[in-house]
Structure formats: structure tokens, C-alpha cells
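For the sequence shown, the positions run 1 to 193 when the UniProt record's numbering is used.
What follows is a set of notes on a single structure, which appears directly below.
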Amino acid sequence: MAKLYFYYASMNAGKSTNLLQADFNYRERGMQTLLFTAMIDTRYKQGVVRSRIGLEAPAIPFAEQTSLWNIIKERHEKTPLHCILIDEAQFLKKRQVFELARVCDELNIPVLCYGLRTDFQAELFEGSQYLLAIADMLTEIKSVCFCGAKATMNLRVDENKQPIRHGQQTEIGGNERYIALCRRHFIEKLNSL
Ligand SMILES: [Zn+2]
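In C-alpha cells form, the structure reads like this:
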């Protein structure tokens with residue numbers, strides 16, 4: 001049976017690079033894939049998964065109201081799909097995570113989701129919450145804090161690299177507005193305000 005995978009990480013850990021490598025591996029074997037990315041991410045032009053090391057691939061942008069099930073089912077009926085890859089999966093709604101579970105269970109297509117676990121206030125994103133709840137496989141993509149410990153948290157900073165404690169969950173300002181830190185240093189930075 002196909003599985004629902006959630007690869008989670010802090011900012012700048014290489015999630016999109018991992019996604020594009022997995023996509024390449026499927027395509028290299030002559031398999032068909034379908035990529036999605038969040039419409040909310042306006043750092044780059046819509047409809048592209050782009051990694052910081054320069055790789056990119058076209059993707060279908062998804063918004064809150066997008067039915068992933070309908071899009072995937074329709075494509076799959078025309079040309080059988082072998083893998084679905086979702087970038088910025090933290091922005092999925094609960095309903096969409098359950099749609100992806102149906103894609104695994106009813107269409108037997110593996111779904112690989114890549115996203116942040118928590119926001120800058122250490123709260124789960126909706127997509128991440130339900131992926132952590134119902135995915136078959138949970139894998140952490142590791143990155144490193146300045147101290148050498150594993151970075152698991154995302155500190156939001158202003159133009160002067162000062163920590164920001166309050167604000168909207170989603171504020172797309174580019175990677176430079178976030179610093180991936182270990183939990184100890186994340187808490188220290190927030191307490192220093
Ligand atoms: Zn640290």
C-alpha cells in the first residue's frame with residue numbers, strides 16, 4: 001500500500017532540495033510525478049518549487065480552497081501517477097491533508113509532504129499538525145544551530161536581526177527573516193526581549 005510521508009524541518013534545512021531529489025529519482029525511472037506548492041509563498045514566482053542551491057521544477061500552486069483530490073484524481077485518470085510531492089506542506093488545511101490520505105489509500109499513490117513543523121511562536125501549523133497526526137512515516141530533515149546542536153525552531157527576526165515575538169503566523173519575507181535555532185537558543189532569544 002502507498003504511504004503518506006511527512007518530512008519536517010526548521011527553516012533552511014533543505015526541504016525543497018530533498019523534494020526535488022526525490023522527484024528526480026522517480027522521473028529517472030520513467031515514473032510520472034505531480035508537484036504542488038503553496039500559493040501563499042510569494043518569495044518566487046508562483047508554480048515553481050525552487051531550492052536554495054539552484055534546482056527548480058514546475059508545481060501546481062495550492063490555495064486554501066484547492067481540492068487536491070480532484071486535481072490528482074483527474075490527472076491520474078489521464079496518465080497514471082506514481083508519486084505526489086507537496087512543498088510548503090505546513091500551509092495545507094486539515095481537509096487537504098485528509099484528501100492526501102485518500103490519495104494514498106484509494107488511488108494507491110505515495111504522497112511525500114515537506115514542510116515546517118512549527119512557526120516562530122513554536123505553534124504547529126495546521127498542515128503540520130494533521131500530517132503529524134495521520135502520516136504513515138515521519139522523518140526529520142536535520143539542520144544545525146550556530147552552537148552545533150540540532151536546529152528545530154524558527155526564530156523570526158526584523159531587518160536588524162532582532163527577535164520578533166508577536167505577529168501573523170505567516171509572514172513571507174524571505175529566508176533572511178528567519179533563523180533556525182536549537183530549542184535552548186530559541187527560548188533564550190525570546191526571553192531576552
Ligand atoms: Zn543552539
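A virtual CB, placed ideally from N, CA and C, is assigned to each residue, including glycine.
Between the beta-carbon of residue i and the beta-carbon of residue j, is there less than 8 Å?
| i | j | result |
| --- | --- | --- |
| L155 | Y7 | no |
| F120 | I72 | no |
| A9 | P110 | no |
| F62 | A101 | no |
| A97 | G127 | Per the sequence shown, residue 97 should be read as Val rather than Ala. Cβ atoms of V97 and G127: closer than 8 Å. |
| T139 | L85 | no |
| L107 | H76 | yes |
| D87 | L190 | no |
| A180 | A13 | yes |
| Y178 | K15 | no |
Classify residue i as helix, strand or coil using the three-state DSSP reduction.
| i | result |
| --- | --- |
| E64 | coil |
| L132 | helix |
| S16 | helix |
| I179 | strand |
| R117 | coil |
| F125 | coil |
| I71 | helix |
| I141 | coil |
| L190 | helix |
| A146 | The amino acid occupying residue 146 in the given sequence is Phe; Ala does not appear at that position. It is coil, neither helix nor strand. |
| E56 | strand |
| message | I'd like the ranges of any beta strand (DSSP E) spanning at least 3 consecutive residues and lying wholly in the segment 81-112. | response | 83-86
| field | By C-beta, the residues closer than 5 Å to any heavy atom of ligand 1, given in chain order | value | C145, C147, A149, C182, H185
| query | Using 8 Å as the Cβ pair cut-off and three pairs as the minimum, do the segment 146-153 and the segment 131-138 touch? | reply | no
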